[in-house]
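Numbering (UniProt numbering), first residue to last: 1 to 577.
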């Protein structure tokens, strides 16, 4: 029972009535001040108590008082003071601190940084010097909960790398129980299932631990401990202030797409029919080979109730895997991708950012569409995007816009239109093809090479180019092959294309041969209100209601895929790509 407040306590004994002088009015004169009568005392006094008489006690009140006294005594016995950080004692609190009472036994708080307890008979290992380093790694993210190490037991790339460093002796046993002791940070935090040919981890580690016989380098020994889908390329000594996240001044991403994603929609598809109305003759602007290939395809049938792929559709998917992109289509795709180069307003290529937000202006340094390569029976096109920084969904939306414009004969001038104030919905391309190529450290490397700002230490640059051949072989085996297998099994890109081609929404009306964004594709608040007002006027005049509302519902449905986002993480800048 908690201690009752003073105002709620009941009197434990009766108080004698105040003495009133003869002829004087009592203080609580009813004629002057109207107050409620005082509560009846729980311990009654007799009118003329005897000196040896005991007052009559209410049993219920006696029990209440006894319980209150017991609770107060227990609280005092169990109350303890702590001596440690943030308590106001000594140097741990703010100000001068309080004097330590020698008669009080203080309990020290639990400290996450306490040394590891050694087993009985275990000898202290020789302390080897730790140095701040940049660890260069690559990984296939399949089966992992992301890059960043977690404290709740989820399997992460960084967690496996740290564990391997402990086993290899690069992290001392005293620091093995907490990665924060080694000041671990990463250049890019990739999400669950995302791959990276190169990523950088900064930490303090032992650079020359004793190696078992047969291993020449630390990287070779660590790789023998790591699973095959994670590789340590090497490491370099860095300056003491190096942090992988803040030192990375740009990043290179790669997006892989099958070449059949550039095939045009069919004549009977809703998107194709819409283009026939808005852009007559649009197929004549495409390569004849691509148009003839699509026209030769049978009509698609819906999937059955169990979601299984219709055998007829499966046969068409297999036929499309044999498509090889023609030079005219590839050149048009390259021209579209080139429009992103430079500093632009990418508010249409992310989530929750208005046109006038300063953070939507991003600088794209270099974009390259490489020649197609065949892996297995699928031809893949690689797009490399080197940017100073990226926002959430930006790369996937950039690729999606270029693919949709290419396969609908939309001109390259459409891309600059999307940098303007009109708000449109750009669908996201599948996440399957996205991977981090490598973070870049150009500013840091220039600083250490020129020894700027009074730098005296000799340090090597952080350079993934030294491992380009190893990284390429790893990508082919562990990333490209995984992409190919998943596309063969799940038909991710095929299903995405069908979703686009079967869209009935006017939100894709910006796909046209004029390279303009028509009013029906503008999803800004003002444009939506204008359409609703026009629909209401037409309904009054014609006596029909609907149509416009259905259109808005479809447009809102297209936007719904972007709404389920952790906005707090978005504001912190934890999400990109």
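Glycine included, every Cβ here is placed at the ideal spot set by N, Cα and C. Here the structure is a predicted model, which means the values were calculated and not measured.
Selection from the options that minimises the alpha carbon distance to residue i
i	options	result
residue 205	404, 171 and 336	171
residue 231	471, 442, 444 and 289	471
residue 501	340, 397, 264 and 533	264
residue 290	451, 280 and 266	266
residue 249	368, 461 and 387	387
residue 316	260, 343, 450 and 507	260
residue 435	323, 478 and 331	478
residue 150	271, 178 and 423	178
residue 360	372, 203 and 343	343
residue 430	164, 450, 524 and 403	403
residue 241	357, 191 and 131	131
residue 456	212, 238, 184 and 128	238
residue 459	188, 487 and 449	449
residue 186	152, 136, 532 and 345	136
residue 339	418, 268 and 486	418
residue 318	331, 411, 224 and 487	487
residue 377	529, 322 and 326	322
residue 369	358, 453, 347 and 383	383
residue 190	164, 538 and 147	147
residue 498	195, 243 and 269	269
residue 440	541, 188 and 491	188
Assigned exposure category for residue i - 16 Cβ within 10 Å defines buried
i	result
residue 200	buried
residue 489	exposed
residue 475	buried
residue 247	buried
residue 494	buried
residue 536	exposed
residue 640	Residue 640 lies beyond the residue range present for the chain, which begins at 1 and ends at 577; the question has no answer from this structure.
residue 504	exposed
residue 446	exposed
residue 324	exposed
residue 217	exposed
residue 526	exposed
residue 79	Residue placement at residue 79 cannot be trusted, given a pLDDT of 45 that sits under 50; the coordinates are not used to answer.
residue 160	buried
residue 531	buried
residue 152	exposed
residue 451	exposed
residue 34	Per-residue confidence for residue 34 stands at a pLDDT of 48, beneath the threshold of 50, marking its modelled position as unreliable; the derived number appears in the next sentence. Residue 34 comes out exposed.
residue 108	Note on residue 108: pLDDT 43, under 50, position unreliable in the model; no value is reported.
Cβ neighbours of residue i in the same chain (closer than 6 Å, five flanking residues each side left out)
i	result
residue 257	381 and 433
residue 169	209
residue 282	275, 409 and 513
residue 38	Low confidence applies to residue 38: its pLDDT is 49, below 50, so where it sits in the model is not reliable, and the reading given next is rough at best. Here the set comprises nothing.
residue 401	426
residue 375	480 and 484
residue 341	364 and 367
residue 15	Reliability of the predicted coordinates at residue 15 is poor, the pLDDT of 48 falling under 50, and the value obtained from them is presented with this limitation in mind. Result list for residue 15: empty, nothing under 6 Å.
residue 518	509
residue 399	255 and 429
residue 215	221
residue 443	249
residue 411	515
Residues of its chain near residue i, where Cβ-Cβ distance is below 7 Å and the 5 sequence neighbours each way are ignored
i	result
residue 25	Bear in mind that the predicted position of residue 25 carries a pLDDT of just 46, short of 50, making it too unreliable to give a figure here.
residue 438	197, 198, 252 and 464
residue 413	515
residue 182	171, 175, 203, 204 and 205
residue 145	154, 155, 156 and 192
residue 395	253, 255, 385, 434 and 577
residue 345	355, 360, 361 and 419
Neighbourhood of residue i by C-beta, 8 Å cutoff - its chain only, sequence neighbours within 5 removed
i	result
residue 329	262, 286, 287, 290 and 406
residue 133	202, 203, 204, 205, 207, 235, 236, 237 and 238
residue 219	232, 233, 234 and 235
residue 271	265, 408, 500, 501, 502, 503, 508 and 511
residue 184	149, 158, 162, 201, 202 and 203
*Kindly confirm or deny that the segment 352–362 and the segment 379–396 touch, where touching means at least three C-beta pairs closer than 8 Å.*
yes
*With contact counted as at least three CB pairs below 8 Å, one residue from each stretch, are the segment 333–349 and the segment 285–295 in contact?*
no
_Could you tell me which whole alpha helix (DSSP H) segments of length 4 or greater appear in the segment 225–296?_
244–247, 270–278 and 288–295
_Just to confirm the assignment: which complete alpha helix (DSSP H) runs, minimum length 4, are found wholly within the segment 429–477?_
442–450 and 468–474
*Whole alpha helix (DSSP H) runs in the segment 312–355 with 4 or more residues, listed along the chain?*
327–338
_Count Cβ pairs between the segment 136–151 and the segment 227–246 that sit closer than 8 Å; are there 3 or more?_
yes
_beta strand (DSSP E) runs wholly inside the segment 125–210, at least 3 long, in chain order_ = 130–139 and 195–206
*Which runs of the beta strand (DSSP E), 3 residues or longer, sit entirely within the segment 394–429?*
none
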